[in-house]
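Residue numbers (the numbering used here): 178 to 410.
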């Protein structure tokens, strides 16, 4: 998950949180508010804050998403109106989890004779999300760092996108390191992938067993039969 860039401010009655999430959908996000805990999740972004004061979710909270800027703004009322929250600029401490997990289990299993059934059920259990995952403050890449990355996208105007989304896109894109791969290398990798995926049997089937394809080519949708007078009506 990506820790997004964010900024905190306040007025006497509410806490204002601005989160930069340019690569997400506006309709798919989750928000959790409970005292000093605030969690925001919008794939591929996750933000967990431990606040210096308590906030409440009582219907007065407001949220707004600026699509052009990719900016999510959240206004949450303070539990105690007029309270001043200290240390809102100390982002590292805000990102730190409340407690740490035990490195070793309290009970160690020394016999697995009766655990066969448990192993079967374990495979069916869904993996739980780690809410205490380690977070790092978002850092913008410098001009020098961006210039060292390969360009891609329309008119080669993009760079650094896959570096931030590598975990989410690793199973989607064929080139595993777009930032360090030139256009020529990406083209060669594409040609090799196409050659390895080529199936002679599939090709011959498409070439000679073309009844289905011909049927689709001859298909005419209903709107092609409409007359000019019908369209005007």
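Backbone N, C-alpha and C fix where the C-beta goes; we use that ideal spot for every residue, glycine too. All figures in this text were calculated on a predicted structure; none of them were measured in a lab.
In the pairwise beta carbon analysis, the segment 348-357 is classified as not touching the segment 260-271: fewer than three pairs are separated by under 8 Å. Residue pairing from DSSP places residue 186 in a beta bridge opposite 193. Within a 10 Å sphere around the beta-carbon of residue 269 sit fewer than 16 other beta-carbons, which makes this residue exposed. Distance from the Cα of residue 194 is smallest, within the candidate group 179, 210, 245, 201, for 210. With a cutoff of 8 Å on beta-carbon distance, residue 247 and residue 231 are scored as not near each other. The beta-bridge partner set that DSSP reports for residue 254 consists of 191.
Under the criterion of beta carbons closer than 8 Å, residue 255 and residue 190 qualify as touching, at roughly 6 Å. Inclusion of residue 356 and residue 327 in the CB contact set at 8 Å is warranted, their separation being smaller than that value. In this model, residue 362 and residue 249 are separated by some 37 Å (Cα to Cα).
Counting the other Cβ atoms within 10 Å of the Cβ of residue 271 gives 16 or more, which makes it buried. In this structure, DSSP gives residue 335 an extended state, which the three-state scheme calls strand. Cβ contact annotation for residue 229 (same chain, cutoff 6 Å, sequence separation greater than five): 262, 263, 264, in chain order. DSSP places residue 403 in the coil class of the three-state scheme, outside both helix and strand.
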